[in-house]
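Anchor point for the sequence shown: position 270 equals 277 in the numbering used here, and the numbering is continuous, going up by one each time.
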Amino acid sequence: MNLAAISHYADQRNCFCLHGGLFRIRIQVAKGDMSEVILHYQDKYIPVDREDTREKVTMKKVSSDLYHDYYEADVTIDMLCLRYFFELNGQDEMRRYYGDYRFFEHAPDNVEAMFDMPQILREEECFNTPQWAAGKTVYQIFPTRFASSKPVDPAVWYKAPIGAFDDLGGDLKGITERLPYLKDLGVDILYLTPIFRSNSSHKYDIIDYYEIDPSLGTADDLHTLIDTVHEMGMYVMLDAVFNHTSPDFFAFRNIKQNGVHSPYINWYYMDEFPIFYGTREKKPNFKSFAYYGGMPKLNMANEKTADYFVQVALHYVREFHIDGWRLDVADEIGHAFWKKLRYCLKAENPNVFIVGENWHYAPDFLTGDEWDSLMNYPFYKALTGLICYNRLSAEGFLAELGFLKGQYQSQVLPLLWNMMDSHDVERFIHTAGHDKQKQKLAAALMLLFPGIPMIYYGDEVGLEGAFDPDNRRGMLWSKQKADMDMHAWYKSLLALRKRYPALASGECTIAADDTTGLVTIQVDDTTLAVMNVTGEELLWSNLDETREFDKQLLSYRSSRDLLSGREFTGKLSGNEVVVLKHS
Numbered sequence: 008m009n010l011a012a013i014s015h016y017a018d019q020r021n022c023f024c025l026h027g028g029l030f031r032i033r034i035q036v037a038k039g040d041m042s043e044v045i046l047h048y049q050d051k052y053i054p055v056d057r058e059d060t061r062e063k064v065t066m067k068k069v070s071s072d073l074y075h076d077y078y079e080a081d082v083t084i085d086m087l088c089l090r091y092f093f094e095l096n097g098q099d100e101m102r103r104y105y106g107d108y109r110f111f112e113h114a115p116d117n118v119e120a121m122f123d124m125p126q127i128l129r130e131e132e133c134f135n136t137p138q139w140a141a142g143k144t145v146y147q148i149f150p151t152r153f154a155s156s157k158p159v160d161p162a163v164w165y166k167a168p169i170g171a172f173d174d175l176g177g178d179l180k181g182i183t184e185r186l187p188y189l190k191d192l193g194v195d196i197l198y199l200t201p202i203f204r205s206n207s208s209h210k211y212d213i214i215d216y217y218e219i220d221p222s223l224g225t226a227d228d229l230h231t232l233i234d235t236v237h238e239m240g241m242y243v244m245l246d247a248v249f250n251h252t253s254p255d256f257f258a259f260r261n262i263k264q265n266g267v268h269s270p271y272i273n274w275y276y277m278d279e280f281p282i283f284y285g286t287r288e289k290k291p292n293f294k295s296f297a298y299y300g301g302m303p304k305l306n307m308a309n310e311k312t313a314d315y316f317v318q319v320a321l322h323y324v325r326e327f328h329i330d331g332w333r334l335d336v337a338d339e340i341g342h343a344f345w346k347k348l349r350y351c352l353k354a355e356n357p358n359v360f361i362v363g364e365n366w367h368y369a370p371d372f373l374t375g376d377e378w379d380s381l382m383n384y385p386f387y388k389a390l391t392g393l394i395c396y397n398r399l400s401a402e403g404f405l406a407e408l409g410f411l412k413g414q415y416q417s418q419v420l421p422l423l424w425n426m427m428d429s430h431d432v433e434r435f436i437h438t439a440g441h442d443k444q445k446q447k448l449a450a451a452l453m454l455l456f457p458g459i460p461m462i463y464y465g466d467e468v469g470l471e472g473a474f475d476p477d478n479r480r481g482m483l484w485s486k487q488k489a490d491m492d493m494h495a496w497y498k499s500l501l502a503l504r505k506r507y508p509a510l511a512s513g514e515c516t517i518a519a520d521d522t523t524g525l526v527t528i529q530v531d532d533t534t535l536a537v538m539n540v541t542g543e544e545l546l547w548s549n550l551d552e553t554r555e556f557d558k559q560l561l562s563y564r565s566s567r568d569l570l571s572g573r574e575f576t577g578k579l580s581g582n583e584v585v586v587l588k589h590s
């Protein structure tokens, strides 16, 4: 038994409230090390000789990564405070007990040798998430490039490659006019990148947070868009750029005019005067996003700055009834601001969905008092590592995702934004070497996995694009230019996702096998999604019926593929996906 690999902390990542008196307790052990893990627990304050409150439950292995297995148990408790320890039974027949960060050869009977869980008395710390969002599908829209309500020269709209300053004329009315298309596609949440007044096409350098950029329309246009989206049973999220502003934002403009005497001097991080915006060779003399002088960084530790932007966030929830905020560069802003923002937003509307941009594992932001979820770039990295870069095998792909499942609170998992690309990375089709079948495979993995898949506008019709800004081309509305076969593929996958809610919730069994090169999802007792993540053909006649993984596949020899509507032939081409239903 590898004792050094065993890890448990009595904190909100390993011991947390699901709802009411239902708690989940989790422990990490070495991969393949345990034959059984048992959770023992009892009341902290009632002596056993007065009343025996001792209980035990066998824990379930719920996830694995490359090095660890994760076990969980749910306990329903009516106690003021719980004490607990773990019984660890190894494959090597060794038995140890783990409590209060110590190992014992015999089960501890002193509560001081057990872990302590006082969270039962702290109901306000239960991670409450907007249940309406769980398992939905997000569609990311870059407003200036998605659709225009005005006539646009096709030579301008379909320009490729495209530059950062190309004006295509996309607007809010154009998005409203295209809502039937999005509803028919099957998406649920529209996420719009910034729409506030700015001099750029991307609008991440905002001049006025209370004004819709005139190129995109008016406040009335935004009201119409949001009202229409809601009438169609969908949702709208906006982009909160609270890390930095334009140099023309009123506070920075005042600093430019008044220097150290400006009342807004503490809204930013100013090093010296006169202001220097930087060059390729030298940084600006103030903090900014990515050392770019056109995006000076805000100081959210300053109370007046924080209060101003909390009011901005509340304004669009109150006045426009948006359903959530995506938080730009969220990991570069301190925890205190996010706690304050969440408290105020949830007091206004408990169902507001708060999603942070973070490109890495981010547990500190996801304990119930800051974000509800995040953009799951680890999924993107695993997906491209599997399909595009040959960095991961089938089992390696699932192991990287298994790490997240074993680490994040369970309430977060159905809300993670899984993606294959975004406005900040090159289009997946470009990364995949323009291999259409690889994009179909990636779309299936994204759309059939638990969580919230995020479709970047145009992916569903084969829109190309290299790195920013070329990944922000005009949407392909011409059926002569759009890949309608790809569109049909996305639409079929989205329909399947709605047909089988277990796909979105994670109440299905996902497996991977490097021998066959397959990833499978057991949707229900009669439905199995099978994804060949290699470029090699696989024949069912070559499967080994003595292997458990192969035995399951062979049981679907006589079945129908729900995606194509055809009978399954027992052959799976490289990168092919089928969803098999017993005949």
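For every residue, glycine included, the Cβ atom is placed at its ideal position computed from N, Cα and C. If you're wondering where the values come from, they're calculated on a predicted model, not measured in any experiment.
Start and end residues, beta strand (DSSP E) containing Y507: First-last for Y507: undefined, no H or E at that position.
Touch test, the region 296 to 308 against the region 320 to 334, Cβ-Cβ under 8 Å, three pairs minimum: no
CB contact flag (V159, L175, <8 Å): yes
Cα-Cα separation between P281 and D212, rounded to whole angstroms: 21 Å
Residue burial classification, Y217 (beta-carbon count within 10 angstroms, cutoff 16): exposed
Beta-carbon proximity check, L455 vs A536, cutoff 8 Å: yes
Nearest residue (CA-CA) to L186, options V243, I214, A495: V243
Cutoff 7 Å; reference R152; Cβ partners in own chain excluding five residues on either side: L175, G177, R479, R480, G481, M482
For R434, the three-state DSSP class (helix, strand or coil): coil
Unbroken stretches of the alpha helix (DSSP H), 4 residues or longer, contained in the region 72 to 129: none
Bridge partner(s) assigned by DSSP for W332: L245, I361
For D215: DSSP bridge partner residues: R204
The region 412 to 427 touching the region 494 to 513, judged by at least three CB pairs closer than 8 Å: yes
Neighbour-count burial assignment, N582, 16 or more Cβ in a 10 Å radius: buried
Short Cβ contact (8 Å threshold) for Y601 with R33: The first residue shown for the chain is 8 and the last is 590, placing residue 601 beyond what the model contains.
Inter-residue Cα distance where the pair is E555 and L579: 19 Å
Span of the beta strand (DSSP E) around E43: 41 to 50
contact_flag[the region 105 to 125, the region 386 to 402] where n(CB pairs < 8 Å) is 3 or more: no
CB contact check: G409 to chain C, cutoff 8 Å: Absent from the structure: chain C. Only one protein chain is present.
Inter-residue spacing [alpha-carbon to alpha-carbon] between T312 and N306: 7 Å
C-beta contact flag for I13 and Q49 at 8 Å: no
Where A343 falls, given that 16 or more other Cβ within 10 Å makes a residue buried: exposed
Among G403, K558, I462, H589, nearest to Y74 - alpha-carbon criterion: G403
Classification of R333 by the beta-carbon crowding that lies within 10 angstroms, buried from 16 upward: buried
Identity of the residues DSSP links to I32 by a beta bridge: C22, A80
At least three beta-carbon pairs within less than 8 Å, the region 251 to 262 to the region 345 to 360: no
Residue closest to A451, alpha-carbon to alpha-carbon, out of A509, G465, I528: I528
Segment contact flag, the region 104 to 112 with the region 435 to 446, C-beta cutoff 8 Å, min 3 pairs: no
Burial state of R504 (16 or more Cβ within 10 Å): buried
Assigned exposure category for V468 - 16 Cβ within 10 Å defines buried: buried
Helix, strand or coil at Y188 [DSSP, three-state]: helix
Rounded separation between G572 and S565 - CA only: 14 Å
Sheet register partners of R567 (DSSP bridge): E574, K588
Span separating the alpha-carbon of T183 from that of T231: 8 Å
Cβ neighbours of L405 in the same chain (closer than 6 Å, five flanking residues each side left out): A519
Contact between the region 93 to 100 and the region 53 to 61 (3+ Cβ pairs under 8 Å): no
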